[in-house]
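Colleague:
2 protein chains.
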Amino acid sequence: MPLTTESLFRALADPTRLRCLLLMRGESELCVCELTHALGEIQPKISRHLAQLREAGIVADRRQGLWVYYRLHPELPAWALEVLRITAEGVANQAPFATDHTALREMPNRPGAVCCA
Amino acid sequence: MPLTTESLFRALADPTRLRCLLLMRGESELCVCELTHALGEIQPKISRHLAQLREAGIVADRRQGLWVYYRLHPELPAWALEVLRITAEGVANQAPFATDHTALREMPNRPGAVCCA
DNA sequence: CCCATATATATGATCAAGCGTATGTAATGC
DNA sequence: GCATTACATACGCTTGATCATATATATGGG
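Going down the list, the sequences are from chains A and B.
One gets the working numbering by counting positions in the first sequence from 1 and adding 729 to each.
One gets the working numbering by counting positions in the second sequence from 1 and adding 729 to each.
(1) Report the three-state DSSP secondary structure of P803(B) (helix, strand or coil).
(2) I need the straight-line Cα distance from A785(B) to A740(B), nearest angstrom please.
(3) Going by other Cβ atoms of all chains shown within 10 Å of its Cβ, with 16 needed for buried, is T765(B) buried or exposed?
(4) Helix, strand or coil: how does DSSP classify V788(B) here?
(5) Please list, in chain order, the chain A residues whose beta carbon lies closer than 9 Å to that of A745(B).
(6) From the DSSP output, in three-state form, read off C844(B) for me.
(7) Buried or exposed: where does A767(A) fall if 16 or more other Cβ atoms within 10 Å of its Cβ makes it buried?
(8) Classify Q823(B) as helix, strand or coil using the three-state DSSP reduction.
(9) Taking the alpha-carbon of E818(A) as reference, which of G755(A), L795(A), P840(A) and L737(A) has the nearest alpha-carbon?
(10) Is the Cβ of V788(B) closer than 8 Å to any Cβ of chain A?
(11) So with Cβ pairs under 8 Å, would you call P825(B) a contact of chain A?
(12) Find out if the Cβ-Cβ distance for the pair V820(B), T734(A) is shorter than 8 Å.
(13) Using a beta-carbon distance below 8 Å, is E811(A) in contact with chain B?
(14) Which term fits E763(A), buried or exposed, when burial requires 16 or more other beta carbons within 10 angstroms of its beta carbon?
(15) Checking contacts by CB at 8 Å: is R777(B) closer than that to chain A?
(16) Which bits of chain B does R739(A) rub up against, with CB to CB less than 7 Å?
(17) Would you mind reading off the limits of the alpha helix (DSSP H) that contains G794(A)?
(18) Among the residues of its own chain, which have a CB less than 8 Å from the CB of V797(A), if the five just before and after it don't count?
(19) One question on the structure: do I787(B) and I815(A) come within less than 8 Å of each other, judged by their Cβ atoms?
(20) Let me see if you follow: with CB-CB separation under 8 Å, is T828(B) close to chain A or not?
(21) Do L801(B) and R746(B) have their C-beta atoms within less than 8 Å of each other?
(22) Is M753(A) buried or exposed, if buried means 16 or more other CB atoms sit within 10 Å of its CB?
(23) Shortest alpha-carbon distance to E770(B) belongs to which of R839(B), D829(B) and G841(B)?
Okay, structure coming up:
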């Protein structure tokens with residue numbers, strides 16, 4: 730079932746989901762605890778929104794050990810990626826999007842960094 | 730109050746509103762009866778959605794005689810226009826968006842055409 | 001097997017979205 | 001003033017979104 734405008738824009742309409750997507754767009758993939766830390770939200774809230782994005786076909790997930798990594802779905806249509814790109818540029822200087830990337834980079838003990846450095 | 734990602738994407742998430750916006754993007758401005766006819770929906774439904782778009786600052790309206798003409802708000806930020814452009818291209822061949830433009834052009838007695846031709 | 005960590009889901013409550021029908025308002029012409 | 005046309009809004013209803021808290025599941029290490 731292809732991605733509809735309704736399902737994409739409904740996903741982007743919630744700031745929590747949009748923040749996650751814009752973070753994933755910058756990094757190759759992110760686990761739940763990284764997103765939880767970067768956004769400063771509680772884990773069940775992040776997990777529920779990620780489940781919605783997964784069910785809509787907007788993100789893909791991959792389990793590695795204890796961690797589940799999320800990334801933009803590799804088969805996302807080009808127009809959806811363009812919408813994300815335009816949005817990322819449009820909100821680059823706005824809260825809370827602007828601070829999410831720095832909060833992520835300042836996170837201690839990031840799983841990927843710990844085991845693969 | 731500037732347009733937020735939340736208010737824009739929430740507006741685009743409803744197919745009725747998105748169809749109206751993509752039609753307005755192609756024409757200079759459209760009155761309610763033109764949108765009602767093009768979409769094949771009842772008038773109060775169109776009117777309620779247009780009110781939401783107006784309150785969100787996404788469209789502007791202008792009364793001329795009996796008719797109220799709606800257009801994309803002239804102060805819409807560039808990134809919002811870009812999102813609309815990408816979306817219009819992405820769904821150009823999909824129902825119901827593809828047929829809306831032709832349904833509009835085949836409408837008899839369009840107000841603008843009647844009085845100004 | 002038991003425990004700790006990471007993530008997912010269930011629960012119950014609150015709040016907003018969207019709908020069709022009915023009615024209100026605004027402009028025009030007679 | 002009255003009727004007509006165009007548009008807006010109120011009402012009652014149903015459905016769905018989001019949340020915080022609590023609990024379940026999964027993996028890896030002792």
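Yeah, the Cβ is synthetic: ideal placement off N, Cα and C, and Gly gets one too.
Everything numeric in this text was worked out from a predicted model, so none of it was measured.
Modeller: Taking the coordinates as given:
(1) By 1-based counting over the second sequence, the position of residue 803(B) is 74. Here P803(B) sits in coil by DSSP.
(2) Start at 1 with the first residue of the second sequence, and residue 785(B) comes out as number 56. Start at 1 with the first residue of the second sequence, and residue 740(B) comes out as number 11. C-alpha separation (whole angstroms): 8 Å.
(3) As a working mapping, residue 765(B) is identified with position 36 in the second sequence. Looking at its Cβ environment, which holds 16 or more other Cβ atoms inside 10 Å, T765(B) is buried.
(4) Within the second sequence, numbered from 1, the residue matching residue 788(B) stands at position 59. Secondary structure of V788(B) (DSSP, three-state): strand.
(5) As a position in the second sequence, residue 745(B) is number 16, starting the count at 1. Here residue 745(B) turns out to be Thr, not Ala, going by the sequence shown. Within 9 Å of the CB of T745(B), no CB atom of chain A is found; the nearest one sits about 10 Å away.
(6) The sequence position of residue 844(B) within the second sequence is 115, counting from 1. Low local confidence applies: a pLDDT of 36 at C844(B) is under 50, so the model's placement there is unreliable, and no value is given.
(7) Along the first sequence, read from residue 1 onward, the residue named residue 767(A) stands at position 38. So A767(A) counts as buried.
(8) Here the question's residue 823(B) lines up with position 94 in the second sequence. Coil at Q823(B), not helix or strand.
(9) Start at 1 with the first residue of the first sequence, and residue 818(A) comes out as number 89. Of the listed residues, the one whose Cα sits closest to E818(A) is G755(A).
(10) Translated into positions along the second sequence, residue 788(B) becomes position 59. Closer than 8 Å: no.
(11) Here residue 825(B) corresponds to residue number 96 of the second sequence, with the count starting at 1. Answer no: the Cβ-Cβ gap between P825(B) and chain A never drops below 8 Å.
(12) Translated into positions along the second sequence, residue 820(B) becomes position 91. Translated into positions along the first sequence, residue 734(A) becomes position 5. The answer is yes: Cβ separation under 8 Å.
(13) Taking the first residue of the first sequence as 1, we reach residue 811(A) at position 82. With 8 Å as the cut-off, E811(A) counts as an interface residue toward chain B.
(14) On the first sequence, position 34 is the one that residue 763(A) refers to. Buried, by the Cβ-count rule.
(15) Within the second sequence, the letter at position 48 stands for residue 777(B). Taking Cβ atoms only, chain A never reaches closer than 8 Å to R777(B), which makes this a no.
(16) The residue given as residue 739(A) occupies position 10 in the first sequence. For R739(A), the residues of chain B that pass the 7 Å Cβ criterion are A742, in the order they occur in the chain.
(17) Counting from one through the first sequence, the residue named residue 794(A) turns up at place 65. Neither: G794(A) is in no alpha helix (DSSP H) and is coded neither H nor E.
(18) The residue given as residue 797(A) occupies position 68 in the first sequence. C760, V761, D790 and R791.
(19) As a working mapping, residue 787(B) is identified with position 58 in the second sequence. As a working mapping, residue 815(A) is identified with position 86 in the first sequence. No, Cβ-Cβ distance for I787(B) and I815(A) is not below 8 Å.
(20) Translated into the one-based positions of the second sequence, residue 828(B) becomes position 99. Not one chain A Cβ lies under 8 Å of T828(B).
(21) As a first step, residue 801(B) is located in the second sequence; it is residue number 72 there, counting from the start. As a first step, residue 746(B) is located in the second sequence; it is residue number 17 there, counting from the start. It is not a contact, given that the beta carbons lie outside the stated cut-off.
(22) Along the first sequence, read from residue 1 onward, the residue named residue 753(A) stands at position 24. Per the 10 Å Cβ criterion, buried.
(23) The residue you call residue 770(B) lines up with position 41 of the second sequence. If we check each option's Cα against that of E770(B), D829(B) comes out closest.
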